[in-house]
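Engineer: Take a look at this one; I'll ask things after.
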Amino acid sequence: MGGAPAGGRVAVITGASSGIGEATARVLHDEGYRVVLLARRLARIARLAGELGEGAVAVAADVTDRGSLLAAAGRVQAELGRVDVLVNNAGVMLLGPFGAELAGDHRRMVETNLLGAITATEVFLDQLLANGGGDLVNVSSVAGRTARPGNAVYAATKWGMNGWSESLRQQLLPDVRVILVEPGAVATELTDHITHAETKAAAERMYEQTAIPPGEIAQIIAFALSRPRSVSLNEILVRPSGQAG
Ligand SMILES: NC(=O)c1ccc[n+]([C@@H]2O[C@H](COP(=O)([O-])OP(=O)(O)OC[C@H]3O[C@@H](n4cnc5c(N)ncnc54)[C@H](OP(=O)(O)O)[C@@H]3O)[C@@H](O)[C@H]2O)c1
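Residue 0 is where the sequence shown starts when you use numbering that gives the first Met the number 0, and the numbers rise one by one after that.
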């Protein structure tokens, strides 16, 4: 069992049940943060909280459901009393050729990746500002800077996140640092959910050859957070060394 000190900084991490979110929770907890693990799969985050031990709390929440985020924020306020970091990480990458066949996937990506991050931020912002400021980490993607056939709506959500983050950065400085992280291929469960079979197989092949472990991204997030308050790492683009586009 781990042991983040009582009274340590509080980091709320969406999508903490797997991949980059889980890895970020582990690294920040190791560094002494109290971590709030948000995701829909309660059994997964409860198990992780149990493994981390003191200073880790699992709270079931769906970022597409504002009511569940409000309930989560209420619980954080009541049980931990503060939020210093919000990591907007929850996301889905439902790749495939653009067309009506994937209309449901398109909606899910916009509602989760973009609107979910916007809603979580709006819901937690008061707590983030309450103690003189904090940090907002937005997990975007290489697809927030590039686009290619097959990732149109996924890229749209991440380009959207980038534009929204830059506006927020200017609005909230210097109290809240907005840190935009743009990973390339990372070995997580992200490709598991692709519904277009041919695209899924191609993505899995590419990931098998290229992807880096999620802990690498978690370490970068922790590094950015560890800089003095006068230093803001606004945008971090990180690809596996073997990834071209
Ligand atoms: N892996 C990569 O190559 C890569 C590259 C660039 C950017 N990213 C970004 O990194 C972020 C994390 O993805 P990952 O790679 O770690 O994939 P992952 O292992 O599939 O994790 C995705 C996380 O998002 C959560 N999530 C999905 N829908 C949610 C919802 N409606 N409400 C709350 N949580 C939700 C999932 O939890 P539940 O299912 O339990 O709710 C899970 O914890 C995403 O934003 C993704 O776009 C990933």
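The C-beta atom is built at its ideal place from N, Cα and C for all residues, glycine as well.
1. Check whether the Cβ atoms of Gly-159 and Leu-113 lie closer than 7 Å to each other.
2. Report the rounded CA-to-CA distance for Val-175 versus Gly-14, giving the unit in angstroms.
3. Give me, in chain order, the residues of the same chain whose beta-carbon lies closer than 6 Å to that of Asp-83; leave out the 5 immediate sequence neighbours on both sides.
4. From Ala-24 to Ala-59, what does the alpha carbon distance come to, in whole angstroms?
5. So for Asp-134, helix, strand or coil by DSSP?
6. Would you kindly report the start and end of the unbroken beta strand (DSSP E) that includes Asn-161?
7. Leu-27 and Leu-36 - do their beta-carbons sit closer together than 7 Å?
8. Taking the alpha-carbon positions, what's the Asp-104 to Leu-93 distance?
9. If the criterion is Cβ atoms closer than 7 Å, does the pair Ser-139 and Leu-179 meet it?
10. Put Asn-87 into one of helix, strand or coil per three-state DSSP.
11. Taking 6 Å as the cut-off, does the CB of Ser-140 come closer than this to any heavy atom belonging to ligand 1?
12. Which runs of the alpha helix (DSSP H) fall wholly inside the region 48-102 and span at least 4 residues, in chain order?
13. Would Gly-49 pass as a contact of Arg-33 if the rule is Cβ separation under 7 Å?
14. Would you kindly report the start and end of the unbroken beta strand (DSSP E) that includes Val-11?
15. Could you pull out every residue in the same chain whose Cβ sits closer than 6 Å to the Cβ of Phe-97, ignoring the five residues on either side in sequence?
16. Are Ser-67 and Arg-40 closer than 7 Å when you measure CB to CB?
17. Starting from the C-beta of Ile-19, find all residues in its chain whose C-beta is less than 8 Å away, skip the five residues before and the five after it, and write them out in chain order.
Structural biologist: Quick look at the numbers:
1. yes
2. 21 Å
3. Arg-8, Val-9, Gly-133
4. 15 Å
5. strand
6. Premise fails: Asn-161 lies in the alpha helix (DSSP H), 151-171, not in any beta strand (DSSP E).
7. no
8. 6 Å
9. yes
10. strand
11. yes
12. 65-78
13. no
14. 9-13
15. Ala-151
16. no
17. Asn-88, Val-138, Pro-182, Val-185, Thr-187, Pro-213, Ile-216, Ala-217
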